[in-house]
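Read through the structure below, which is laid out as structure tokens, and then see the notes.
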Amino acid sequence: MAETVAHVVGARPNFMKAAPVIQALERRHVPQVVIHTGQHYDEQMSDVFFRELGLPEPDLNLGVGSGSHAVQTAAIMVELERAFARLDPTLIVVYGDVNSTLAAAVVASKLGRPTAHVEAGLRSFDRTMPEEINRVVTDVLADLLFTTSPEAETNLAREGIDPSRVHFVGNPMIDSLVANLDRFDVAAARARHGLIGPYGVATLHRPANVDDPAMARRIVGAVRGVAELVPLVIPLHPRGRAMLEAAGLGDDPRIHVVDPLGYVDFLSLVRGAALVVTDSGGIQEETTVLGVPCLTLRPNTERPITISHGTNRLVEPHEVVAAARAVLDGSQPMPAGAPPLWDGAAGERIASIVERWLAAPAAVG
Ligand code: UD1
Numbered sequence: 630m631a632e633t634v635a636h637v638v639g640a641r642p643n644f645m646k647a648a649p650v651i652q653a654l655e656r657r658h659v660p661q662v663v664i665h666t667g668q669h670y671d672e673q674m675s676d677v678f679f680r681e682l683g684l685p686e687p688d689l690n691l692g693v694g695s696g697s698h699a700v701q702t703a704a705i706m707v708e709l710e711r712a713f714a715r716l717d718p719t720l721i722v723v724y725g726d727v728n729s730t731l732a733a734a735v736v737a738s739k740l741g742r743p744t745a746h747v748e749a750g751l752r753s754f755d756r757t758m759p760e761e762i763n764r765v766v767t768d769v770l771a772d773l774l775f776t777t778s779p780e781a782e783t784n785l786a787r788e789g790i791d792p793s794r795v796h797f798v799g800n801p802m803i804d805s806l807v808a809n810l811d812r813f814d815v816a817a818a819r820a821r822h823g824l825i826g827p828y829g830v831a832t833l834h835r836p837a838n839v840d841d842p843a844m845a846r847r848i849v850g851a852v853r854g855v856a857e858l859v860p861l862v863i864p865l866h867p868r869g870r871a872m873l874e875a876a877g878l879g880d881d882p883r884i885h886v887v888d889p890l891g892y893v894d895f896l897s898l899v900r901g902a903a904l905v906v907t908d909s910g911g912i913q914e915e916t917t918v919l920g921v922p923c924l925t926l927r928p929n930t931e932r933p934i935t936i937s938h939g940t941n942r943l944v945e946p947h948e949v950v951a952a953a954r955a956v957l958d959g960s961q962p963m964p965a966g967a968p969p970l971w972d973g974a975a976g977e978r979i980a981s982i983v984e985r986w987l988a989a990p991a992a993v994g
């Protein structure tokens, strides 16, 4: 059988990174299979992204669902061990920093199967974030590491990772954004959410912000302060929804809490926003390319290039209202241009390296 590439995806932020890579490999007629772990399973957290991004139906859905970190990661590992034995992939590609990423990298390595990590080398240097643990472990195990920004190479070198395994390819999440830009319709988003005049968008789902009642109250207080300046639409991740609503998020008529949005609806809304307040990783990158000011409610970011080259700024809850005011009155300087290689061609670069690696692994690193 021809050499097969297996892509493992599971959670919402994986899908927009995987689509350009899968499509570029498809154009090169490389045999591939897509395994969905089922970490995310709601229509609006998963299926809508497959449809809108033109992803193929998964060849296999492991259906693991939610659980504690150990329960979820272990369930994915058990199922993947069986799947890899049956499908016999030559290369396993994992994306980002979610539990599905970590689980796949560990299983693949223990079976002696080569692994490629897309979005390698990002570091928040904060091991209280589950994603940071997933990144560090995945990178140390990966055979091919595809990076989105120059500082990722520095981070990997500091951890002793052989630079011949590391390839700076740009940002496949931005490939998806560039490919779909024409579909991001601000007027449609305004009509759908009944918005007249300037508006902001907020998203909140980090455990550090939404799992603890005291922190949830601080965050809700900060967001309500921003809503006094500009009405906010908040598509709310299911995680933490109850906690944030208990802290009073839904009680403000200037805050429109809605269910999670699909890819096109969400980025249509963001494209027209005067500002975004978020604790997401990917949204820091998407706002950078769309030129929309982003206030990130976190003490650190694994994506510092969105600050040095983009529209992002880290803010504490008590700083967010002043920062939003500065954005809205135009006194926050806006940087020019996108980070290097965030140009819509990262998937092609990855596919080209994968193709060469399949032909001669030792020659690629
Ligand atoms: C995961 C990622 C996080 C990413 C986020 C994007 C890890 C460790 N975290 O966090 O990095 O930013 O995805 O969405 O992998 N739930 C649903 N429906 C779903 C999925 C989840 O209701 O389709 C609810 C469940 O209550 C679940 C909770 O959300 O327990 C958390 O889901 P989980 O996959 O554990 O982590 P996320 O918070 O989504």
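Using the numbering used here, read the sequence shown as starting at 630 and increasing by one per residue. All residues carry an ideal CB built from backbone N, CA and C; glycine is no exception. Fair warning: this is a prediction, and the values are worked out from it, not measured in the lab.
| field | DSSP bridge partner residues for N690 (one or two, in chain order) | value | Bridge partners of N690 according to DSSP: H665.
Which listed residue (V659, V765, E761) has its alpha carbon closest to that of L720:
Of the listed residues, the one whose Cα sits closest to L720 is V659.
For R581, collect the residues of the same chain with a Cβ closer than 7 Å to its Cβ; drop the 5 residues on either side in sequence, then sort them by chain order. Outside the shown range of the chain, which is 630 to 994, sits residue 581, and nothing can be said about it.
message = How far does the alpha helix (DSSP H) with E914 in it extend, from its first residue to its last?
response = Annotation for E914: the continuous alpha helix (DSSP H) segment containing it runs 911–919.
_Between P718, P759, V722, L740, which has its C-alpha nearest L995's C-alpha?_
No answer is possible for residue 995: it lies beyond the span of the chain, which begins at 630 and ends at 994.
Review point. What's the gap between the Cα of R752 and the Cα of E632?
Key: Each residue's Cα considered, the two are about 32 Å apart.
Candidates E874, V830, H822, of which the one nearest D841 by Cα: Among E874, V830, H822, the Cα nearest to that of D841 is on E874.
Practice task
For F713, collect the residues of the same chain with a Cβ closer than 8 Å to its Cβ; drop the 5 residues on either side in sequence, then sort them by chain order.
Solution key: Answer for F713: A635, I721, V736, A737, L740, R742, listed in chain order.
**Asked** By DSSP, does G823 sit in helix, in strand, or in coil?
**Response** Coil at G823, not helix or strand.
Buried or exposed for P968, please, with buried defined as at least 16 other CB atoms from any protein chain shown within 10 angstroms of its CB. Flag for P968 reads buried.
Q. In angstroms, rounded to a whole number, what distance separates the CA positions of L833 and N728?
A. Between L833 and N728, the C-alpha separation is close to 19 Å.
M630, buried or exposed, once every other Cβ within 10 Å from all chains shown has been counted against 16: Bear in mind that a pLDDT of 49 at M630, under 50, signals an unreliable position, so the model cannot answer this.
Whole angstroms is fine: what's the gap from P792's alpha carbon to T777's?
Their Cα atoms are separated by approximately 15 Å.
>> Tell me which residue opens and which closes the beta strand (DSSP E) that T907 is part of.
In response: Segment 904–907, the beta strand (DSSP E) holding T907.
- request: Identify whether A831 lies in helix, strand or coil by the three-state DSSP scheme.
  value: It is a strand residue.
Q: Determine contact between the segment 700–710 and the segment 905–925, defined as no fewer than three beta-carbon pairs at a distance below 8 Å.
A: In short, these stretches do not touch, since the Cβ pair count stays below three.
* Does ligand 1 have even one heavy atom less than 7 Å from the beta-carbon of A640? -> Yes, the beta carbon of A640 sits closer than 7 Å to at least one heavy atom of ligand 1.
Query - Of the residues E948, W971, G911, Q913, the one placed nearest G850, counting alpha carbons only - result: Among E948, W971, G911, Q913, the Cα nearest to that of G850 is on E948.
Leaving out the 5 sequence neighbours to the left and right, which residues in its chain are closer than 6 Å to A647 when beta-carbon positions are compared?
Excluding sequence neighbours, A647 sits near H636, V638, Y724.
Going by other Cβ atoms of all chains shown within 10 Å of its Cβ, with 16 needed for buried, is T744 buried or exposed? The residue in question, T744, is buried, as its Cβ has 16 or more Cβ neighbours within 10 Å.
Give me, in chain order, the residues of the same chain whose beta-carbon lies closer than 6 Å to that of A955; leave out the 5 immediate sequence neighbours on both sides. Take A955, set aside five residues on each side of it, and the residues of its chain with a beta-carbon closer than 6 Å to its own are Q961, in chain order.
Task: For E632, the three-state DSSP class (helix, strand or coil) - done: Taken through DSSP and simplified to helix, strand or coil, E632 comes out as coil.
**Three-state class that DSSP yields for F797 in the structure shown** = Assigned with DSSP and collapsed to three states, F797 falls in strand.
* Cα-Cα, which of M758, A733, A771, P759 is closest to G750? -> Residue A771 is the option with its Cα nearest to G750.
Given a threshold of 16 other Cβ atoms within 10 Å of its Cβ, counted over all protein chains shown, does A989 qualify as buried or as exposed?
Of the residues assessed, A989 falls on the exposed side of the cut-off, its CB having fewer than 16 other CB atoms within 10 angstroms.
| request: Please work out which residues of its chain come closer than 7 Å, Cβ to Cβ, to E984, disregarding the five sequence neighbours upstream and downstream, and give them in chain order. | output: Contacts found: R657, V659.
Checklist entry - Closest by CA to L785, which one among I803, M758, F754, S805? => result Taking only the C-alpha atoms, the option nearest L785 is F754.
* Backbone CA spacing between A733 and V765 [nearest angstrom] -> Approximately 14 Å, taken between the alpha carbons.
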